[in-house]
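Enquirer: In my numbering, the protein residues as written are 5 to 142. For each residue, glycine too, the CB sits at the ideal point set by N, CA and C. Here the structure is a predicted model, which means the values were calculated and not measured.
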């Protein structure tokens, strides 16, 4: 059985293996460096990245006052987008856990995510019209 033999000699008799290997290594390192640089500039990929939020005035939501806003902030909900993605069950549990003074607000949680979504989208006129109809957040 004959083994595969690759000739690394050029027509003029010089060895071309090492120069080609160095060129390939340099191209790989340049590609790796360029990929790392682009990722750090544009921040693409990686599920380890956390979305950051700016603290917003959640009291603009009908039924949320300063104390409930404090409860939400303590749970890490500081923006309209976060509140719009929060399940109603979580909000109700948060109020029950906060004590008897907050239990009366439980029915109001049904509209909070929808109101927060309108606020997040900047639909202030539509939010105001809806809040004019709401009575205490319900």
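Please report the distance separating the alpha-carbon of residue 29 from that of residue 56.
Expert: The straight-line gap from Cα to Cα measures roughly 39 Å.
Enquirer: Suppose you measure from the CA of residue 92 to the CA of residue 66; what does that come to, to the nearest Å?
Expert: In a straight line, the C-alpha of residue 92 is about 15 Å away from that of residue 66.
Enquirer: Three-state secondary structure (DSSP) at residue 90?
Expert: Of the three classes helix, strand and coil, the one that applies to residue 90 here is coil, per DSSP.
Enquirer: Determine, using beta-carbon pairs with one atom in the segment 116-128 and one in the segment 87-103, whether at least three such pairs fall under 8 Å.
Expert: As far as the Cβ criterion goes, the segment 116-128 touches the segment 87-103, which means the pair count is three or higher.
Enquirer: Evaluate contact between the segment 25-41 and the segment 59-74, counting only Cβ atoms and requiring at least three cross-stretch pairs below 8 Å.
Expert: Touching, no, given that fewer than three Cβ pairs across the two stretches are closer than 8 Å.
Enquirer: Kindly indicate which three-state DSSP category residue 97 falls into: helix, strand or coil?
Expert: Reduced to three states, the DSSP call for residue 97 is helix.
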